[in-house]
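Contents: one structure, followed by commentary.
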Amino acid sequence: NVAVVLFTSDLRLHDNPVLCSALRDADRVVPLFVRDDAVHRAGFDAPNRLAFLADCLADLDAGLRKRGGRLIVRTGPVAKEVRRLVEETGAGAVHLAAGVSGYAQRREEQLRTALADSDCELRLHDAVVTALAPGRVVPTGKDHFAVFTPYFRRWEAAGVRGTLTAPRAVRLPDGDLSSDPLPSRDGVGDVSPALADGGEQAGRKLVTSWLSGDLADYADGHDDLAGDATSRLSPHLHFGTVSAAELVGRAREKGGPGGEAFVRQLAWRDFHHQVLAARHDASWSDYRPRQDRWRSDEDEITAWKTGRTGYPVVDAAMRQLAHEGWMHNRGRLLAASFLTKTLYVDWRVGARHFLELLVDGDIANNQLNWQWAAGTGTDTRPNRVLNPVTQGKRYDPHGDYVRRWVPELAEVKGSAVHEPWKVKDALDYPDPVVDLGEARARFEKARGLD
Ligand code: FAD
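Under the UniProt record's numbering, the first residue of the sequence shown carries the number 2, and numbering increases by one thereafter.
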């Protein structure tokens, strides 16, 4: 008998419950990836993610070939392509990871409909994309946790499933199965110059070096912008080239304050997924609706996008995003707070821009972190405003992060780089786009705090 494995956000052979389950139930398996039109129509196929995805698919195909199989790529509406493959192969089951986004939910519905009059069953697998399935822990009488700390307590106590090893062999059904060519990174335009490499092998290598290093620095150092002391595993977690459950298990084994701090960050990822699973609307609507009106000044928005606000730490972060397709978490928080609270611009404007560039751009993590930063989400202190000067001095105390990304300020020494207007006025660097005192007063008025 034959089963189809529809790879989605789980582009890996190690610790993949979808693949393992299909191989347990069927003696022939068709590994399938569908380049779904809907992803393109939704504008979600941003160049950085397409390039990273091309690496992931090439690596997955190579891993499957080593085991006697290969990746079948089809292009078109996902349900139609799956149905067609089921007919071609006589498959009795289609396996895939359960997803939380509106897109993933629609895909599941479409697959259910497409297979309804066939003898093929749809098998969804939990705890593939996240370490703990959304809904696995819930507060009494509610469908999700709206606050992280109590979620984290229950999440920690629940533990994660055991890790699965990569299969030794993957046998395709007999006969010819056509496949579209694998997409290539070279064919993607407008990719950030320093984009990371994708693929399971690159991901596993990164995990090994990350966990063999001294995580002790992570507990204290993960907010240090210049130190760059975080794992940079986010794109691998997004594409599933690294398994979140396996990573939690291995980091727990490693232990210590660094291991614990790292596991806590991974729990944030699960937290946002369980919010979105229960509240699909939170991808583009306020999680906690607000009545006040956002501002929209195109010049200010452009200054923010291009890293020319005149606030060095914000500009450094935005330029890192453009150059690497990735940004440090503290940079994301500062850039998001600046746009939504200092400039008082709608969080959706920022979230959309991030999704255009972030290689780890993810509906659950991006949108809900944006909402958190904007005070429309799950932050229990929604009215705090991050001051880019004091935050810059705190998280980039020697100014190295700013000098790395803002060459106009390369000659300014130490933390003085965070207040270039005090240094001299001949610097080829923009004046502040807004006065922080006025911006705060505007914010407080808009939020009824004045
Ligand atoms: P590490 O510090 O090494 O953390 C390990 C992993 O934990 C990360 O890879 C990530 O999967 C998870 N994690 C850490 N912090 C968070 C968090 N706050 N929320 C959810 N998961 C977290 N993360 C994304 O993966 N995709 C996004 O699109 C995204 N957009 C963001 C937008 C804003 C405005 C903000 C403030 C944060 C966003 N984040 C997003 C969360 C976080 O910034 C990144 O996950 C992190 O910077 C990735 O770097 P790292 O892998 O080195 O993190």
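Ideal placement from N, C-alpha and C gives every residue a C-beta, glycine not left out.
- With a cut-off of 8 Å on Cβ pairs, the region 88 to 96 is in contact with the region 110 to 121, counting three or more such pairs.
- Comparing alpha-carbon positions, the option among S232, A278, L277, V276 lying closest to V264 turns out to be S232.
- Judged by beta-carbon spacing, S102 lies beyond the 7 Å limit of I302, meaning their Cβ atoms are not closer than that value.
- Burial is judged here by how many other beta carbons sit within 10 angstroms of a residue's own beta carbon; P236 has at least 16 and is buried.
- Contact annotation: D198 and D56 have beta-carbon atoms nearer than 7 Å.
- Annotation: the region 129 to 192 contains no complete segment of the beta strand (DSSP E) (minimum length 3 residues).
- Beta-carbon to beta-carbon, L58 and V35 are separated by about 11 Å, too far to satisfy the 8 Å threshold.
- For V74, the secondary structure class from DSSP, reduced to helix, strand or coil, is strand.
- A residue is called buried once 16 or more other Cβ atoms fall within 10 Å of its Cβ, and H419 is buried on that count.
- DSSP lists V6 as the bridge partner or partners of P32.
- L14 has its alpha-carbon roughly 28 Å from the corresponding atom of S119.
- Counted as a single uninterrupted DSSP element, the stretch harbouring E122 is not any alpha helix (DSSP H) but the beta strand (DSSP E) occupying residues 122 to 126.
- Taking the Cα positions, D38 is about 16 Å away from L183.
- Contact between E201 and L12 holds: CB atoms are separated by about 7 Å, below the 8 Å threshold.
- For V95, the enclosing beta strand (DSSP E) starts and ends at 94 to 98.
- The closest heavy atom of the ligand FAD lies 6 Å or more from the beta carbon of R441.
- One Cα belongs to A117, the other to K81, and the distance between them is close to 12 Å.
- Within 10 angstroms of the beta-carbon of Q292 lie fewer than 16 other beta-carbons, which makes it exposed.
- Take C121, set aside five residues on each side of it, and the residues of its chain with a beta-carbon closer than 7 Å to its own are V87, A92, G93, A94, V95, in chain order.
- At a Cβ-Cβ threshold of 7 Å, T131 and H274 count as neighbours.
- CA-CA distance, A318 to W406, rounds to 8 Å.
- Beta-bridge annotation (DSSP): V276 is not paired with any residue.
- If the five residues before and after N17 are omitted, its C-beta is found closer than 6 Å to the C-beta atoms of D11, all from its own chain and listed in chain order.
- Looking at W327, S297, P78, D175, the one whose alpha-carbon comes closest to that of N2 is D175.
- In the three-state reduction of the DSSP assignment, V208 falls in the helix class, which pools H, G and I.
- Closer than 6 Å to some heavy atom of the ligand FAD: that does not describe the Cβ of R75.
- Per the coordinates, the alpha-carbon of L410 lies some 31 Å from the alpha-carbon of A47.
- Using a Cβ-Cβ distance cut-off of 8 Å, the region 306 to 316 and the region 393 to 408 are in contact, since at least three pairs of beta carbons, one from each stretch, lie closer than that value.
- In this structure, the straight-line span from the alpha carbon of Y345 to that of L234 is close to 31 Å.
- As the crow flies, the alpha-carbon of G259 is around 7 Å from that of D218.
- Per DSSP, the continuous alpha helix (DSSP H) segment holding G222 begins and ends at 217 to 222.
- Relative to R84, the option among T164, A252, L7, K67 whose CA is nearest is L7.
- In this structure, N17 has its beta carbon at no less than 6 Å from each heavy atom of the ligand FAD.
- About 6 Å separates the beta carbons of S338 and V386, which is inside the 8 Å limit, making them a contact pair.
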